[in-house]
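Student: Residue numbers (the numbering used here), protein chains in the order written: chain A, 1 to 80; chain B, 81 to 431. Note that CB positions come from ideal geometry on N, CA and C, so glycine has one too. Here the structure is a predicted model, which means the values were calculated and not measured.
(1) So residue 104/B and residue 116/B are supposed to be a Cβ contact under 8 angstroms. How far apart are they, rounded?
(2) Could one say the Cβ of residue 66/A lies closer than 8 angstroms to chain B's Cβ atoms, at least one of them?
(3) Just to confirm, are residue 93/A and residue 46/A a CB contact at a threshold of 8 angstroms?
(4) Measure the Cβ-Cβ separation of residue 188/B and residue 194/B and say whether it is below 8 angstroms.
(5) I want to verify the contact list: residues of chain A whose CB lies under 7 angstroms from the CB of residue 262/B, in sequence order.
(6) I need the boundaries of the alpha helix (DSSP H) containing residue 75/A, first residue and last residue.
(7) Among the candidates 371/B, 198/B and 83/B, whose CA atom is the shortest distance from the CA of residue 287/B?
(8) Which bits of chain B does residue 84/A rub up against, with CB to CB less than 7 angstroms?
(9) Taking only beta-carbon positions, decide if residue 383/B is within less than 8 angstroms of chain A.
(10) Hey, how far is the Cα of residue 126/B from the Cα of residue 119/B?
(11) What runs of the alpha helix (DSSP H), each 4 residues or longer, lie entirely inside the stretch 318 to 406 of chain B?
(12) Indicate whether residue 298/B and residue 353/B have their beta-carbon atoms separated by less than 8 angstroms.
(13) Taking the C-alpha atoms as reference points, what is the distance between residue 2/A and residue 78/A?
(14) How big is the Cα-Cα spacing for residue 402/B and residue 236/B?
(15) Rank 67/A, 73/A and 75/A by C-alpha distance to the C-alpha of residue 44/A and give the top, closest one.
(16) Distance check for residue 102/B and residue 69/A, CA to CA, integer angstroms please.
(17) Could I get the ranges of all uninterrupted alpha helix (DSSP H) runs contained in the stretch 215 to 269 of chain B, with 4 residues as the minimum, in chain order?
(18) Can you tell me whether residue 266/B is buried or exposed? The criterion is at least 16 other CB atoms within 10 Å of its CB, across all chains shown.
(19) Let me confirm a value: residue 220/B is counted as buried when at least 16 other C-beta atoms fall within 10 Å, else exposed. Which label applies?
(20) Suppose you measure from the CA of residue 48/A to the CA of residue 357/B; what does that come to, to the nearest Å?
(21) Around the C-beta of residue 249/B, are 16 or more other C-beta atoms found within 10 angstroms, so that it is buried, or is it exposed?
(22) Below 8 angstroms, how does it come out for the stretch 53 to 64 of chain A and the stretch 83 to 99 of chain B: are there three or more Cβ pairs, yes or no?
(23) My guess is that residue 51/A and residue 257/B are in contact by the Cβ rule of under 8 angstroms, so how many angstroms apart are they, rounded?
(24) To which residues of the same chain is residue 407/B closer than 7 angstroms at the C-beta, ignoring the five residues directly before and after it?
(25) Determine the chain A residues that contact residue 252/B at a beta-carbon separation under 8 angstroms, and present them in chain order.
(26) Provide the residue(s) that pair with residue 309/B in DSSP beta bridges, ordered along the chain.
(27) Could you give the residue range of the alpha helix (DSSP H) that holds residue 417/B?
(28) Thinking C-beta only, is residue 325/B closer than 8 angstroms to residue 317/B?
(29) Helix, strand or coil: how does DSSP classify residue 293/B here?
(30) For the beta strand (DSSP E) containing residue 98/B, name the first residue and the last one.
(31) Let's test the definition: count the other Cβ atoms within 10 Å of the Cβ of residue 336/B and tell me whether it reaches 16, buried, or not, exposed.
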């Protein structure tokens, strides 16, 4: 999958958790929490969304790698 | 129905047929106004309306939009167009929409639907401002009342949650993503269990009388993304295990953010928890939400030096504070509750 496709997967997972964010620009290296007030519940649902879209069972210890858009794309790429 | 707390779903507890709708969409009515009548199978007319405690104003809300603040909307006079319905003309005038620019519907008439569709494409900024100020007003009024009427006392403890967090990590390692728990779930479960022995912290105070309730309906303070705050209750929290508590929390948060809360969730809370979460502050001194008589505040979990088995070691600690209504309970009640809570949290596998 290309980087662009992976980025779309991450975006879709994020926007399904926070539909009001759709259309907003995402800073690739800033954490979701800082940019959008994503709390722990939102974040867990984001991970669930990513997991469903990619079939990956993302372990908790990997969460720190998925705090930003850039980090998430890189993680998904490495896992393919 | 649109209230100061946002749009909520009115629940009906009677079986029957909707007999008569007394209020039109978009209409503003005072609290207590009859919304509809239901004909029960036995043909008796039953009122569908349930009184809502904190709402100052009830507005039946059309699905698409809600009133923009009057100050910002310029007065637009709507031309007397033959091909516009009276309802559409009125709606357009309220929203400051220039009807002459709207295309008519399939029947050649500019109807309510055409105006609504146009309004929904406009920016939501003013809509949010109005929703926000209504919610802020509701919070201001409840908190002012709490501060002036309720004599608060406070007790607090730094609770060691190292065992809780290790248990949680082990649990989540063996669970699929969709089944994982946040620490809030066992925390709420422990609070519910501890409250079973604290009758004077769970109930309502009205007109000089405290009424304890057997049900433990825990209000959860939830932040909505644009600075709002609302506390819908997990009903019967005392009957739910940790997994069920997690599901309810998730569901509640989702519906709080999408205006899907039910009136019973907003009016039946018997106690409240305000859980700050990650990267916040160490402790909170919360304000009781009347007519409740207690509120539990949980600060962020932080690793700190602590004494454990006679050695100074790093442990995970969380500062929990309880505010109690001094007309109903005293420091000892609150302190005993916190002690019980702390003991329960040392054995998360038994929650």
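Tutor: Put simply:
(1) Actually they are not in contact, since the Cβ atoms of residue 104/B and residue 116/B sit about 11 angstroms apart, beyond 8 angstroms.
(2) Output row for residue 66/A: interface = no.
(3) Since the first residue of chain A shown is 1 and the last is 80, residue 93/A is not available in this structure.
(4) With respect to residue 194/B, residue 188/B sits apart: the two C-beta atoms are not nearer than 8 angstroms.
(5) The contacting residues are 40, 41 and 44.
(6) Note, residue 75/A: alpha helix (DSSP H), 69 to 79.
(7) It is 371/B whose Cα lies nearest to the Cα of residue 287/B.
(8) Nothing in the structure corresponds to residue 84/A, since chain A is present only between 1 and 80.
(9) False, the Cβ-Cβ gap to chain A never drops below 8 angstroms.
(10) Summary for residue 126/B: the model assigns pLDDT 41, below 50, so the residue's position carries little reliability; its value from the coordinates is reported in the next sentence. Looking at the two C-alpha atoms, the distance is approximately 6 angstroms.
(11) Note on the stretch 318 to 406 of chain B: whole alpha helix (DSSP H) runs with a minimum of 4 residues are 322 to 337 and 343 to 347, in chain order.
(12) A contact, by the Cβ cut-off of 8 angstroms.
(13) About 12 angstroms.
(14) Taking the straight line joining both Cα atoms gives about 6 angstroms.
(15) Of the candidates 67/A, 73/A and 75/A, the one whose C-alpha sits nearest the C-alpha of residue 44/A is 67/A.
(16) Looking at the two C-alpha atoms, the distance is approximately 51 angstroms.
(17) Complete alpha helix (DSSP H) runs here, min 4: 242 to 253.
(18) In this structure residue 266/B is buried. Its beta-carbon is surrounded by 16 or more other beta-carbon atoms within 10 angstroms.
(19) That one is exposed.
(20) Going by C-alpha positions, residue 48/A is about 20 angstroms away from residue 357/B.
(21) Around the beta carbon of residue 249/B, fewer than 16 other beta carbons lie within 10 angstroms, which makes this residue exposed.
(22) Touching, no.
(23) Right, their Cβ atoms sit about 4 angstroms apart.
(24) If we look at residue 407/B and ignore the five residues flanking it on each side, its Cβ neighbours are 231 and 285.
(25) Those are 60, listed as they occur along chain A.
(26) According to DSSP, which records beta bridges pairwise, residue 309/B is partnered with 303/B.
(27) Here the alpha helix (DSSP H) through residue 417/B covers 411 to 425.
(28) Yes, they are a contact pair.
(29) Coil at residue 293/B, not helix or strand.
(30) That run of the beta strand (DSSP E) goes 97 to 101.
(31) Answer is buried; the Cβ neighbour count reaches 16.
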